[in-house]
Amino acid sequence: MKVLNLCAAVLAGVMLAACAPRSSGPALWRLADADSEIWLLGTVHVLPPGVKWRTARIEQAFDAAETVWFEAPTDEAAVAEIGALVAQLGANPPGVTLTSLLNAEENARYARVAKSLGVETASLEAARPWIAALQLSLALLTRQGADPNSGVETALEADAARRGKNMAYFESAALQMHIFADLPPAAEKRFFLATLRQIEEEADTTDEMDRLWANGRVDELGKLLQRQIDEAGPEVADALIHKRNAAWTAEIDAMMAGKGRVFIAVGTAHLTGPRGVPALLRAKGYAVEGP
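When we follow this note's numbering, the leftmost residue of the sequence shown carries the number 13, and every step to the right adds one.
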């Protein structure tokens, strides 16, 4: 399981449930100078098999790229590293259980959500709240027909490897795991509780997000994403979105100082709103084409 890809999908709210009809296509951004061209695609990390998201414009930009950038590697070595880190960072201290961290009302909601998804609460007693949130979200995605191994990046990585393109990554698997593992306890619990509420009360909003993403309606999607991110709390938003956006913007700035054609595929939540990567690049003076 691509744990942090799922993490991003969960918090961003892009937990798409139903196969989308053909559409105008996901949003793309472009910036270029005399010897550099960079395309940015906002992705969905977890999709139901068979969703049609490729457009001629996406294919042309991808075909022209010499290097394809993703958030983090997902090869066998990275998966093994993630597994070891989950064991190291994802368990509560001795004597602490997940339910012991919750009050009666919170435990009642947790029990309802787990039962609705066919998850035994006993199986998550040793898990820290952030791991439990991911496991419950994975159960929801699976129930809705999504496949954690069927996402935009998965397809593009396979294409890039098959065509012999260079692949690069903004982050390591370890860095991504620490995004949540290093949260203060109160922020981690808030993320868990936000996940419970969104699963129980808003699971049916995924079709709307599906439609907005597939049609490139970035402003509307960004507002929905921002609301879910805000509910998770400022510490989570800063760690998962804002700090990473700033770091990636600096990397793209360095790419533009060099030369070549680059295609970047990262979660849609990183590309929307006034603190998204395109907005940060525009603030640096780049003429970024796109929404």
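Even for Gly, the Cβ is constructed at its ideal location relative to N, Cα and C.
| Asked | Found |
| --- | --- |
| Any idea what DSSP makes of residue 234, helix, strand or coil? | helix |
| If you follow the alpha helix (DSSP H) that residue 58 is in, where does it begin and where does it stop? | Element bounds for residue 58: n/a, residue is neither H nor E. |
| Round the Cβ separation of residue 280 and residue 54 to the nearest angstrom and send it over; I've been treating them as touching at under 8 Å. | 3 Å |
| If I follow the unbroken beta strand (DSSP E) through residue 42, where does it start and stop? | 40–44 |
| Is residue 155 helix, strand or coil by DSSP? | helix |
| Run through DSSP, which three-state label would residue 274 get? | strand |
| Quick one: which unbroken beta strand (DSSP E) runs of 3-plus residues sit fully inside the region 89–118? Chain order, please. | none |
| Tell me, which residues are paired with residue 225 by DSSP? | Residue 225 is not bridged to any residue. |
| Tell me which same chain residues have a C-beta within less than 7 Å of the C-beta of residue 302, skipping the five on either side of it? | 39, 40, 41, 42, 290 |
| In chain order, what residues of the same chain have a beta carbon less than 7 Å from the beta carbon of residue 45, not counting five sequence neighbours either side? | 268 |
| Could you tell me whether the Cβ atoms of residue 225 and residue 56 are closer together than 8 Å? | yes |
| Taking residue 199 as the reference, give the member of 165, 245, 227 with the closest Cα. | 245 |
| Should residue 111 be labelled buried (16 or more other beta-carbon atoms within 10 Å of its own) or exposed? | exposed |
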